[in-house]
Amino acid sequence: MVTKHLLIEQCRMNESIQIAAKLLRKGEVVAIPTETVYGLGADATNERAVEKIFQAKGRPSDNPLIVHIATKKALFELVMDSPDYLEDLIDHFSPGPITYVLKSNGKIASNVTAGLSTLGVRIPSNEIALELLRQVKLPIAAPSANLSGKPSPTTAQHVLEDMHGKIAAVLDGGSSEVGVESTVVDCTGEIPTILRLGKITAEDINQVVGAVQIVDTNNKKIKKPKSPGMKYKHYAPDVPLILVKDSSKLKMMIEQRENKGERVGVLVSLTLPETIRAKKVKSLGGKEDEMAINLYNLLRSFKPKEVDIIICEAPLPKGIGTAILDRLERAATKIID
Ligand code: TXA
Ligand code: MG
Numbered sequence: 112m113v114t115k116h117l118l119i120e121q122c123r124m125n126e127s128i129q130i131a132a133k134l135l136r137k138g139e140v141v142a143i144p145t146e147t148v149y150g151l152g153a154d155a156t157n158e159r160a161v162e163k164i165f166q167a168k169g170r171p172s173d174n175p176l177i178v179h180i181a182t183k184k185a186l187f188e189l190v191m192d193s194p195d196y197l198e199d200l201i202d203h204f205s206p207g208p209i210t211y212v213l214k215s216n217g218k219i220a221s222n223v224t225a226g227l228s229t230l231g232v233r234i235p236s237n238e239i240a241l242e243l244l245r246q247v248k249l250p251i252a253a254p255s256a257n258l259s260g261k262p263s264p265t266t267a268q269h270v271l272e273d274m275h276g277k278i279a280a281v282l283d284g285g286s287s288e289v290g291v292e293s294t295v296v297d298c299t300g301e302i303p304t305i306l307r308l309g310k311i312t313a314e315d316i317n318q319v320v321g322a323v324q325i326v327d328t329n330n331k332k333i334k335k336p337k338s339p340g341m342k343y344k345h346y347a348p349d350v351p352l353i354l355v356k357d358s359s360k361l362k363m364m365i366e367q368r369e370n371k372g373e374r375v376g377v378l379v380s381l382t383l384p385e386t387i388r389a390k391k392v393k394s395l396g397g398k399e400d401e402m403a404i405n406l407y408n409l410l411r412s413f414k415p416k417e418v419d420i421i422i423c424e425a426p427l428p429k430g431i432g433t434a435i436l437d438r439l440e441r442a443a444t445k446i447i448d
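Rendered as structure tokens:
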């Protein structure tokens with residue numbers, strides 16, 4: 112299969128969206144831009160189309176997909192027994208980088224929810240995604256458009272690196288504005304529970320609802336995690352990554368590895384300290400929002416032909432920095448406290 116690269120040019124935006132909508136209606140898989148990361152989309156009511164997503168990604172079939180819709184009305188057509196606080200959350204944060212886990216009414220294909228009774232659903236704010244959803248008039252299941260276990264894609268180029276020849280098309284909407292995946296909030300209980308951290312923080316949700324909790328996804332004792340995806344290896348670059356939480360140990364860690372003859376790549380969260388010299392030194396950018404935008408692009412940019420190991424400085428857990436830290440902890444082969 113040759114993957115179509117559908118460019119969004121000002122004058123021909125509609126043409127590309129129309130082609131993408133047509134492919135989706137035919138049961139094909141199309142990568143779509145969203146404000147968080149690119150998604151691998153298919154008709155959520157078509158079990159065979161959804162199966163193609165799992166195949167293209169190499170995704171375990173017990174990991175459910177998020178469904179994307181354009182309006183609040185379309186969201187309520189897919190769920191039941193929603194809590195009172197849901198409308199407040201939707202009115203404050205949607206369209207935007209937040210996914211609600213709710214009781215499914217069974218209208219979508221069963222492989223989307225991986226057999227769960229709940230459904231993850233979100234209204235993206237990216238204009239191209241919204242226009243596509245309005246035109247296609249179907250709920251679209253879309254996980255991040257990376258190969259399972261790899262960093263999520265934030266450009267069409269990243270999608271093509273992982274998916275070329277495996278999917279019908281990628282709709283190129285430029286770089287993602289947020290850079291990390293949506294905040295996933297379980298709304299099946301009395302108070303909202305965050306299953307995955309994102310740009311919308313616990314404090315943001317608390318301000319609207321007055322209560323929130325965060326699931327401890329690192330607790331290995333929980334055999335059946337609420338968010339099945341959190342138990343899998345994630346976001347791993349092509350080169351092993353060591354996450355260093357105590358910045359004062361950074362220089363020592365780099366020197367140790369270099370003395371062993373290893374080619375060390377360094378990823379710092381702030382501007383480059385003069386004292387750090389290594390094969391390849393890159394900076395996430397310093398400000399939290401900027402770090403999120405750069406994160407996956409930089410993780411993907413370290414290649415085994417250039418470096419043997421990445422030493423990465425942990426960002427401070429502030430705002431979206433908490434989500435960045437969470438992703439880096441999952442990407443790391445080793446964490447130094
Ligand atoms: O920003 C995003 O959310 C992106 C864009 C494309 O929308 N999508 C994304 O999808 O990150 P994915 O499949 O890479 O991650 C979805 C996460 C997984 O950890 C999955 O287990 C969880 O959401 N999830 C989906 N449905 C769920 C459900 N019913 N209950 C609990 N967790 C669910
Ligand atoms: Mg993903």
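So for the sequence shown, the numbering used here puts the first residue at 112; every next one is plus one. Here a beta-carbon is modelled for each residue, glycine too, at the ideal position from N, C-alpha and C. Since the model is a prediction, treat every value here as computed from it, not as a measurement.
Report yes if the C-beta distance between D448 and K356 is below 8 angstroms; otherwise report no. In this structure, D448 lies near K356, with their beta-carbon atoms less than 8 angstroms apart.
Of the listed residues E158, P426, V319 and E401, nearest to K218 (C-alpha basis): Looking at the Cα atoms, E158 is the closest of the given residues.
Please work out which residues of its chain come closer than 6 angstroms, Cβ to Cβ, to N405, disregarding the five sequence neighbours upstream and downstream, and give them in chain order. Only residues of its own chain outside the window of five on either side were considered, and among them L395 and G396 have a CB closer than 6 angstroms to the CB of N405, listed in chain order.
With DSSP as the reference, please indicate the residues paired to Q324 in a beta bridge. The secondary-structure analysis by DSSP pairs Q324 across a beta bridge with T304.
So for M402, helix, strand or coil by DSSP? In this structure, DSSP gives M402 a helical state, which the three-state scheme calls helix.
Three or more C-beta pairs closer than 8 angstroms, one from the region 361-370 and one from the region 409-417: is that the case here? Verdict: no, contact absent.
Which partner residues does A220 have in the DSSP bridge list? The partner list for A220 (beta bridge, DSSP) is empty, contrary to what the question assumes.
Name the DSSP bridge partner or partners of K393? L378, per the DSSP bridge assignment.
Please look up how many angstroms separate the CB atoms of Y407 and P264, rounded, as I've assumed it's under 8 angstroms. Right, the Cβ-Cβ distance comes to about 7 angstroms (below 8 angstroms), so this counts as a contact.
Report the rounded CA-to-CA distance for I333 versus K398, giving the unit in angstroms. Only weak support is given to the placement of I333: the predicted model assigns it a pLDDT of 49, under 50, and the question is left unresolved by the model.
Distance CB(T210)-CB(V296) smaller than 8 angstroms: Yes. Within cutoff.
List the endpoints of the continuous alpha helix (DSSP H) containing K168. From DSSP, the alpha helix (DSSP H) with K168 extends over E158 to K168.
Helix, strand or coil: how does DSSP classify S412 here? Residue state for S412 is assigned as helix, using DSSP reduced to three classes.
Any chance the CB of V392 is under 7 angstroms from a heavy atom of the ligand TXA? The nearest non-hydrogen atom of the ligand TXA is 7 angstroms or more from the C-beta of V392.
Using a Cβ-Cβ cut-off of 7 angstroms (strictly less than) and excluding sequence neighbours within five positions of H275, which residues of its own chain qualify? Result list for H275: T114, in chain order.
Kindly indicate which residue of P208, A185, C423 and Y196 has the alpha-carbon position closest to the one of L85. Residue 85 is absent from the structure shown; the chain starts at 112 and stops at 448.
Are there 16 or more other CB atoms within 10 angstroms of the CB of K331, so buried, or fewer, so exposed? Below a pLDDT of 50, predicted positions are generally treated as unreliable, and K331, at 49, falls in that range; the measurement from the model is reported next regardless. Exposure of K331 is indicated by the presence of fewer than 16 other C-beta atoms within 10 angstroms of its C-beta.
Which residues in the same chain have their Cβ closer than 8 angstroms to the Cβ of K360, if we skip the five residues on either side of it in sequence? I447.
So, using beta-carbon positions, are A131 and P250 closer together than 8 angstroms? Not a contact, by the Cβ cut-off of 8 angstroms.
Just to confirm the assignment, what range does the beta strand (DSSP E) spanning Y211 have? From DSSP, the beta strand (DSSP E) with Y211 extends over I209 to S215.
Would you mind reading off the limits of the beta strand (DSSP E) that contains H275? Neither: H275 is in no beta strand (DSSP E) and is coded neither H nor E.
If you draw a straight line from the alpha carbon of Y149 to that of Y346, how long is it in whole angstroms? If I take the Cα positions, the gap works out to 14 angstroms.
Buried or exposed: where does G207 fall if 16 or more other Cβ atoms within 10 Å of its Cβ makes it buried? G207 is buried by the Cβ-count criterion.
E126 Cβ short of 7 angstroms to the ligand MG heavy atom set: Exclusion of E126 from the 7 angstroms shell around the ligand MG follows from its C-beta lying no nearer than that to any non-hydrogen atom of the ligand.
With a threshold of 7 angstroms, establish whether the CB of P303 neighbours any heavy atom of the ligand MG. Residue side-chain check: P303 keeps its Cβ at 7 angstroms or more from all non-hydrogen atoms of the ligand MG.
Buried or exposed: L439, going by 16 or more other Cβ atoms within 10 Å of its Cβ? Residue environment for L439: buried (at least 16 other C-beta atoms within 10 angstroms of its C-beta).
Skipping 5 residues on each side, what residues in its chain have a beta carbon closer than 7 angstroms to that of L241? So the qualifying residues of the chain are A181, P206 and P235.
Kindly indicate which three-state DSSP category V319 falls into: helix, strand or coil? Residue state, collapsed to three classes: helix.
Spatial neighbours of M112 within its chain, please: C-beta separation below 8 angstroms, excluding the five flanking residues on both sides. G276, K277, I278 and A279, listed in sequence order.
Check whether C423 and L352 have beta carbons under 8 angstroms apart: Yes. Within cutoff.
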